[in-house]
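Below: one structure, written as structure tokens.
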Amino acid sequence: MRLIKDIKELLEMNPARLSLFSNSCFGVWLNVPFKDHEPFLIHSMLLNQQEVDEYHTEHRDLQFNVYNYILKFGRREFCICTGLKFGHYDVKPFDSARVVPFRDRVFGHANVTVRHLKEAFDGDEWHNISDVDAVRLCLVMFVEFVLLGREPKNKTHVHLLALVEDLDVFNQFPWGSYTWSVLYKSIRNAAWIHYRRVNVGDGAVDGDGKVGKLEKLKKKVVTALKGKEKIVSDDRGPQYNLHGFIWGFRTWILEILPRSHIWFSKVNDDIVPRALRWHVKIRFGRESYENLFGGFDHDFQPETRRLELTKLEQNQYWWVENERYFEARRVLSRPNDLPPPNPIKNRIPRKPERTNIMSNSTTIWVNAVKEIAELKARINNWTGFGEVDINALIDSGVGMQDHSKVVTDTRMDTVVRIDIGFRMSSGGLMDSGVGEMPDLNFREGDAMDDCNFGLNYGWLNSMSTPQG
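In UniProt numbering, the protein residues as written are 1 to 468.
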């Protein structure tokens, strides 16, 4: 964020350039407080993140367990904190462009890195280019350094150099979607991935032959944050890089945790977006973790675990457009998620879903009726069996149900119970205690309530199943 201060100071020397940038989609960010990201604050919140699996995508919220409550951070929260617009975009046509006028005018070569942007900003090129190109340079730098958090050695995205040629198109671009994707991938499981690498190592195991568990790692991390243990030799503690617009994530932490006012102060509630409201009072360091996350914050309201929009925010153009986009994506997508664009390799096998015969699925219904009919035919064809009077068995205390067909094995003098009836008693198929279900795909616990057909099959006196 310090780059914004440099941009503002240089633009103020030329009112025409300052005006052009102020009227752009990033002009409001010239008023951001010039402080660091408070890395220990961000790291402390990441320690409380609930791990997600490989099926979790950027269209779902990340969850954080704070004070035994689940706090959610997703596109909605990022939008409220930053005011960046979401929408569909495709940069492939710009990446494949052979002629990029802005790049050719300012740099004169195709291999433009992020360092080249800063050199042009600090060097003589800044004074020799036109006012519009100077603003274009600032806009590209803002995206690369601030929104994406890229390093000087990285190559500048060609689509940015091509897109900025038309400032109207550039200003209408959905930068919220563009940078949220980067931020999500960066902070998802970030702390745990790092500390598994530091404490356990890539693919390493502990003394018990098992990979270190999450809670054990968290205990080590919290201990290190308290200053009682150093995990690595670096005096600054363990380090890892985050990319994307971290400022939006930091703002959400301050907005959602009331106790943050100890270290940060809010100017007022009428400034939008919310990232521009906050100033730093005192530094948030290692020792501050226990004060913010160690005990319950009595000012924390569980019913307001998600950011609520003010009337001023509801009328902002970026929120009106984003709300339409979110709603459209919700209608077009599966509940809570969108499928990943490509299949994920080496997926962990999932448990098969339970088959419920009360399902409305016609396929399940037809298959069940067919299997019952086939089993009934097999039973009737068993040799050595004869039908007996049901009433005689009931009188003898066997306790058979009505509408049941009872047969006996004349060779073994053993009563066999076959229930093939309708409107069976409630409960699971296997709850009647009459044995296993041969050749049927039902599982233990499948409901029979209000079912139009049913089958109970079993053997009395521990008789083995005959071969039909």
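For glycine and all other residues, C-beta sits at the position ideal for the given N, C-alpha and C.
Rounded to whole angstroms, the gap between the alpha carbons of E144 and N367 is 58 Å.
The stretch 271-288 makes contact with the stretch 27-41; the number of CB pairs closer than 8 Å reaches 3 or more. Spatial neighbours of T113 in its own chain (CB-CB distance under 8 Å, excluding positions within 5 residues in sequence) are listed in chain order as P152, K153, N154, K155 and T156. Going by C-alpha positions, S130 is about 11 Å away from F102. Taking each of V99, V100, W318 and R136 in turn and checking the Cα distance to L117, the smallest one comes out for R136. Between the stretch 314-323 and the stretch 57-64, the count of Cβ pairs shorter than 8 Å is below three; the stretches do not touch. L18 sits in a helix when the DSSP states are folded into three classes. Here the alpha carbon of S177 sits roughly 21 Å from the alpha carbon of F21. Distance from the Cα of K281 is smallest, within the candidate group W180, I271, F296 and I262, for I262.
For W263, the three-state secondary structure derived from DSSP is coil. By the C-beta criterion, the stretch 169-183 is judged to be in contact with the stretch 84-99, since at least 3 inter-stretch pairs fall below 8 Å. Excluding residues up to 5 positions away in sequence, R250, I253 and F284 lie with their Cβ nearer than 7 Å to the Cβ of L41 in the same chain. For the pair L160 and V140, the CB atoms are nearer than the 7 Å cut-off. Burial state of V106 is buried, judged by a 10 Å Cβ sphere holding 16 or more other Cβ atoms.
Counting only runs of 4 or more residues that sit fully inside the stretch 30-63, the alpha helix (DSSP H) segments are 39-46, in chain order.
Annotation: I129 is outside any alpha helix (DSSP H) and is labelled neither H nor E by DSSP. Between S44 and L292, the beta carbon gap of about 7 Å places them in contact (Cβ cut-off 8 Å). If you ignore the 5 residues before and after I271, its C-beta comes within less than 6 Å of the C-beta of R277, all in its own chain and listed in chain order.
Beta-bridge partners of K155 (DSSP): T113. Around the C-beta of S260, 16 or more other C-beta atoms lie within 10 Å, and the residue is accordingly described as buried. With contacts defined by Cβ atoms closer than 7 Å, F94 and L163 form a contacting pair. Spanning the alpha carbons of I372 and D53 requires a straight line of approximately 41 Å. The three-state secondary structure of H279, taken from DSSP, is strand. For I70, the enclosing beta strand (DSSP E) starts and ends at Y69 to F73. If the five residues before and after R305 are omitted, its C-beta is found closer than 8 Å to the C-beta atoms of Y69, I70, L71, K72 and I256, all from its own chain and listed in chain order. Distance from the CA of N381 to the CA of L375, rounded to the nearest whole angstrom, comes to 10 Å. Scanning L10, H243 and P258 for the CA closest to the CA of D124 turns up L10. In the structure shown, V28 falls within a helical segment according to DSSP collapsed to helix, strand and coil. Nearest neighbour of V169 by Cα position, chosen from V91, Y55, Y67 and Y195, turns out to be V91.
Inter-residue distance for A191 and Y67 is about 19 Å (C-alpha atoms, whole angstroms).
DSSP places N291 in the helix class (H, G or I) of the three-state scheme. In the structure shown, V99 falls within a coil segment according to DSSP collapsed to helix, strand and coil. For Q172, the enclosing alpha helix (DSSP H) covers residues L167 to Q172. Annotation for H37: M1, I246, W247 and R250 place their beta carbon closer than 8 Å to its own, counting only its chain and skipping 5 residues before and after. Only residues of its own chain outside the window of five on either side were considered, and among them R277 and W278 have a CB closer than 7 Å to the CB of K266, listed in chain order.
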